[in-house]
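In the working numbering, the protein residues as written are -1 to 653.
C-beta: ideal position from N, C-alpha, C; glycine also.
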Ligand code: WT7
């Protein structure tokens, strides 16, 4: 089977950066030139400029035993020192590191000096509990400052954190604690979500309870932040209150240097298929690329910018672009505990107004949900502080891109669409906002120092104008170093497919347009085959969303007697349309619309109008479940859904 993915939609709009933006831009075309001249020397320079090494490295990349890379292998550094102490030592201790906004409206602003002191105290507590080099610590917290402080304190003592998203169940937490063999869990009584306290400590208790024979309990202590004011059960000797032990600990703590390849964290990717993988990241290379990409992609001016990435620390975006990148760069950032719509649908825009956020980074799923409610909500707030917008997590269709720019960015902010993965650790593909003319819907070009290609099944370049499989052709500093406890799965999943070429296989379909800009077409497993044409989910969804009635869409390929597979679409209609139109008429209109926009081959066989789409907790659509519905099967495993009830609602609506 050919891996060529047919390309059917064309986007020709381009937005070059304004003169004012270029004049103050942190990046310049020279970055591309120096990276192209000598890639390893380029990364060495970036690392030396952006980080402080306790022991400078002399080696850059060791790729003698692929796919196991070492970056800056003989250097030593302390990650937390780089994110905290050195900013204080440089005289920036009074700069705000975190503007924290709680969901109920309580808030705290914490300076670099204060955060440094807090992390030192926590580091002393950890060491007092016997946590040191190489130990694993599970972090199961809401988005509160203690979450960031915990990650940094674990890093400071050379231990390894495994952050588990607070929305995950006791079972998911348990399997992650067990897989990593965590000695300590840091949690809270609860946190605020959608206007009420959502408890966390009971899930920890449950995850640690009822060990069967031979099931070893590795956890010795549970450190609990008081946030939710909900009642909790207490196990004397095991459980400790943060507010009792942290303030009592010494504020003095000297950061020890650890080798560049010291493991920093494990992060489990649930993904849309398969058993979670513990993706392992290490220190020096990871921090280099997190800081580098944060600085240049977001055009960071740390003295004046207020940066806000809406991701939870439970995801890689919250690691690289809340905890590590921004703090390594001495940025001032906002973190927010709750959901976008609590207590009112303008909550995010209110926060942007309050803190005068200048750089804003979020996901297409959020943007589309705001499109669904309409522009009148953001219009009530002053968003004029914004000067740069970012997107991550899924393809952002041109329609949403333009809405984002017009409605949130006042028609003037550059938008950076950033492609990367938990596995890549940091941004790999993105426009540089002061250099690149941006193109709605395209992630565009690899960052300086990164080598990307689109290839066919045999690993040959497809060339401009063609689609295929996205690969990374050269090792990069923040690449995953393995899957925790499973080196074979690491090799098999990412490196075997293009072993001959030594390419990393990302699992995404992609296309290069005539200008050489990259378009992401969705996960390779989701590609449809209609009458022998490989069609991308992303393009048809993009076309559906371009219709004025549509808020969100997901398409899947369902078995079809005549065409092999047929396109089946699940569509959410904007509130304003739903009341005024009859659903059967709308569905028919949308079928014809896709036919006109893309071509008859892409016209959905069925369009189902639904109220919700099945999503993982990080907002990715689980198309495999929609395929079950489309093919009339019993719906498969729904445990990784954010809302497990959604599938029965959809099935009922489809019937
Ligand atoms: C997968 C990785 C990277 C942080 C958040 C997700 C998809 C990610 C984009 C983008 C199109 C994107 C890919 C990728 N993806 N960013 N800008 N355009 N698709 O991390 O959960 O590891 O997911 O998300 O399919 O492989 P993740």
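Assigned secondary structure, residue i (DSSP; H/G/I helix, E/B strand, else coil)
i	result
residue 466	strand
residue 87	helix
residue 662	Outside the displayed range of the chain (-1 to 653) lies residue 662, so it cannot be described from this structure.
residue 63	strand
residue -1	Unreliable placement is indicated for residue -1, whose pLDDT of 37 sits below 50; the coordinate value is still reported in the next sentence. Correct three-state label for residue -1: coil.
residue 501	coil
residue 517	strand
residue 317	helix
residue 531	strand
residue 129	coil
residue 526	strand
residue 593	helix
residue 370	helix
residue 82	coil
residue 223	strand
residue 118	helix
residue 312	coil
residue 92	coil
residue 375	coil
residue 480	strand
Which residues DSSP lists as bridging residue i, in chain order
i	result
residue 359	307, 388
residue 97	107, 332
residue 13	436
residue 555	565
residue 266	276
residue 189	196
residue 508	466, 518
residue 656	Since the first and last residues shown for the chain are -1 and 653, residue 656 lies out of range.
residue 134	158
residue 75	256
residue 657	Residue 657 cannot be examined here, being either before or after the span of the chain that is shown, -1 to 653.
residue 619	613
residue 416	390
residue 660	Lying outside -1 to 653, the shown extent of the chain, residue 660 is not represented and no answer is given.
residue 639	614
residue 283	Residue 283 is not bridged to any residue.
residue 68	60
Closest Cα partner of residue i within the set the options
i	options	result
residue 563	446, 599, 231	599
residue 209	221, 176, 227	176
residue 133	120, 153, 145	153
residue 641	650, 96, 616	616
residue 516	66, 557, 466	466
residue 97	514, 303, 608, 630	303
residue 75	262, 172, 500, 267	262
residue 23	500, 410, 293, 243	293
residue 83	114, 592, 43, 313	114
residue 61	328, 494, 479, 411	479
residue 127	174, 171, 181	181
residue 651	595, 568, 578	568
residue 312	296, 140, 298, 393	140
residue 66	377, 476, 220, 199	476
residue 374	573, 582, 637, 242	573
residue 284	69, 470, 417, 410	69
residue 228	36, 455, 310, 190	190
residue 116	125, 148, 87, 323	148
residue 474	450, 482, 486, 490	450
residue 349	100, 645, 541	100
residue 21	277, 202, 297, 105	297
residue 275	15, 486, 32	486
residue 77	482, 48, 94	48
residue 52	80, 40, 31	80
residue 550	644, 534, 398	398
residue 235	219, 244, 246	219
residue 89	71, 245, 159, 109	109
Three or more C-beta pairs below 8 Å linking the region 522 to 532 and the region 542 to 552: Below 8 Å, too few C-beta pairs join the region 522 to 532 and the region 542 to 552 to call them touching: fewer than three.
Residues near the ligand WT7, criterion Cβ-heavy atom distance below 7 Å: Listed along the chain, these residues meet the criterion: 267, 269, 313, 314, 315, 389, 390, 391, 392, 393, 394, 415, 416, 417, 418, 419, 420, 421, 441, 504, 505, 506, 518, 520, 521, 616, 618.
Inter-stretch contact (C-beta, 8 Å, three-pair minimum) for the region 450 to 466 and the region 45 to 59: Contact between the region 450 to 466 and the region 45 to 59 is absent, because fewer than three Cβ pairs lie under 8 Å.
Three CB pairs or more closer than 8 Å across the region 24 to 34 and the region 428 to 446: Touching, yes, given that three or more Cβ pairs across the two stretches are closer than 8 Å.
At least three beta-carbon pairs within less than 8 Å, the region 244 to 256 to the region 166 to 174: Between the region 244 to 256 and the region 166 to 174, the count of Cβ pairs shorter than 8 Å is below three; the stretches do not touch.
The region 380 to 394 / the region 616 to 625 touching (three or more Cβ pairs under 8 Å): With the cut-off at 8 Å, the region 380 to 394 and the region 616 to 625 touch.
Touching by the beta-carbon criterion (3+ pairs, under 8 Å), the region 211 to 226 and the region 194 to 203: Segments in contact, yes.
Inter-stretch contact at 8 Å, needing at least 3 Cβ pairs: the region 235 to 255 / the region 437 to 445: The answer is no - the region 437 to 445 does not touch the region 235 to 255, with fewer than three Cβ pairs under 8 Å.
Validate contact between the region 603 to 612 and the region 573 to 589 using beta carbons, cut 8 Å, 3 pairs: With the rule of 3 Cβ pairs closer than 8 Å, the region 603 to 612 counts as touching the region 573 to 589.
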